[in-house]
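Enquirer: A single structure is presented below for examination.
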Amino acid sequence: MGSGVPPYKETGIITVEELKRLGLMPPEERLARGPVAIPECPEEIPCNICVVSCPQHAISIEGIKGLPRIDWDKCVGCGVCVAKCPGLAIFVVDLSKPGEYAYVTVPHEFLPAPKVGDVVDLLSREGKVVGKGEVVKAWETNKTWVVTVRVPKELAMEVRGIWVRK
Ligand code: SF4
Ligand code: SF4
Numbered sequence: 000m001g002s003g004v005p006p007y008k009e010t011g012i013i014t015v016e017e018l019k020r021l022g023l024m025p026p027e028e029r030l031a032r033g034p035v036a037i038p039e040c041p042e043e044i045p046c047n048i049c050v051v052s053c054p055q056h057a058i059s060i061e062g063i064k065g066l067p068r069i070d071w072d073k074c075v076g077c078g079v080c081v082a083k084c085p086g087l088a089i090f091v092v093d094l095s096k097p098g099e100y101a102y103v104t105v106p107h108e109f110l111p112a113p114k115v116g117d118v119v120d121l122l123s124r125e126g127k128v129v130g131k132g133e134v135v136k137a138w139e140t141n142k143t144w145v146v147t148v149r150v151p152k153e154l155a156m157e158v159r160g161i162w163v164r165k
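The sequence shown begins at 0 in my numbering and counts up by one.
Following this line, the structure appears as C-alpha cells:
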C-alpha cells in the first residue's frame, strides 16, 4: 500500500478505472454516439505511429513521450490506428447501436485468419475467454488483422482480443 505504483505496472494489464484516471477513456456520451478509438497505452514511450497514421488527425502526443490523446469528436472509429499501433494497444468500441450488442474492433496477429461470420472466442485483457462473438468485419494490412466482433454490450469494455478456433 502507498507505494504509488499504478497496478498495471505490476500486472502489465490496464484496467478501465486506470484508463479513466489517465484520461484515455472516451466520455459516456461520446461512446453512445458511435465507434471511437480507445488508446490503452499508459506508458510514456517515444512512439507516435498512431499520431501520423490517423487520417482524421485526431491523435496528438505532447512532447516525445506523452500519452496519446484522441480528439473524440474528430475520431470516426475507422480502425486505421488499430492496425498501425506496434503495441496492439488501440481498440475501437461502438456502443451506439440499440439492442443488446456492442461492436469491438481489435488487432489480431495469429492464424488462422478471421473471416466475416466466424464465431470466435472473446478474450479479456488477461487473455481469459469471456464469451463468444461473431466477426462482422475483418481486414488485413501488413500482417495485422483488424477485426470487428459483435459482443454483448456488458462485455464491450472487457473484450480486447479474439481467438479463432478451426
Ligand atoms: S479510429 Fe481512425 S479516426 Fe479514430 S483515432 Fe484511429 S485512425 Fe483516427
Ligand atoms: S502507436 Fe500505439 S504504442 Fe505508439 S503511442 Fe500510439 S498507442 Fe502507444
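Heads up, the beta-carbon is just placed ideally off N, CA and C, and yes, glycines get one too. Quick caveat: nothing in here was measured; it's all calculated off a predicted structure.
Among the candidates 157, 59 and 44, whose CA atom is the shortest distance from the CA of residue 90?
Expert: The residue with the shortest Cα to Cα distance from residue 90 is 157.
Enquirer: So, at 8 angstroms on beta carbons, what are the nonlocal neighbours of residue 129 in its own chain, with the 5 sequence-adjacent residues on each side left out?
Expert: So the list reads 121, 122, 123, 154, 157 and 158, once near-sequence residues are dropped.
Enquirer: Using only the heavy atoms of ligand 2, determine whether one of them is closer than 7 angstroms to the beta carbon of residue 141.
Expert: No, ligand 2 has no heavy atom inside 7 angstroms of this Cβ.
Enquirer: Tell me which same chain residues have a C-beta within less than 8 angstroms of the C-beta of residue 101, skipping the five on either side of it?
Expert: Result list for residue 101: 92, 93, 94, 149, 150, 151, 152, 154 and 155, in chain order.
Enquirer: Would you list the one or two residues that DSSP bridges to residue 107?
Expert: According to DSSP, which records beta bridges pairwise, residue 107 is partnered with 144.
Enquirer: So does the stretch 10-29 actually touch the stretch 49-62, counting three or more Cβ pairs closer than 8 angstroms?
Expert: The stretch 10-29 is not in contact with the stretch 49-62.
Enquirer: Compare the Cα-Cα distances from residue 144 to each of 132, 161, 131 and 40 and report the closest residue.
Expert: Closest option to residue 144, Cα to Cα, is 161.
Enquirer: For residue 39, is the classification buried or exposed, using 16 other Cβ atoms within 10 angstroms of its Cβ as the cut-off for buried?
Expert: Burial call: buried.
Enquirer: Could you give the DSSP three-state label for residue 97: helix, strand or coil?
Expert: Correct three-state label for residue 97: coil.
Enquirer: Tell me the rounded alpha-carbon separation between residue 29 and residue 77.
Expert: Looking at the two C-alpha atoms, the distance is approximately 15 angstroms.
Enquirer: On the DSSP letters alone, give me the boundaries of the alpha helix (DSSP H) that residue 20 sits inside.
Expert: Segment 15-20, the alpha helix (DSSP H) holding residue 20.
Enquirer: Classify residue 68 as helix, strand or coil using the three-state DSSP reduction.
Expert: Residue state, collapsed to three classes: strand.
Enquirer: Along the chain, where does the alpha helix (DSSP H) that runs through residue 6 open and close?
Expert: Element bounds for residue 6: 6-10.
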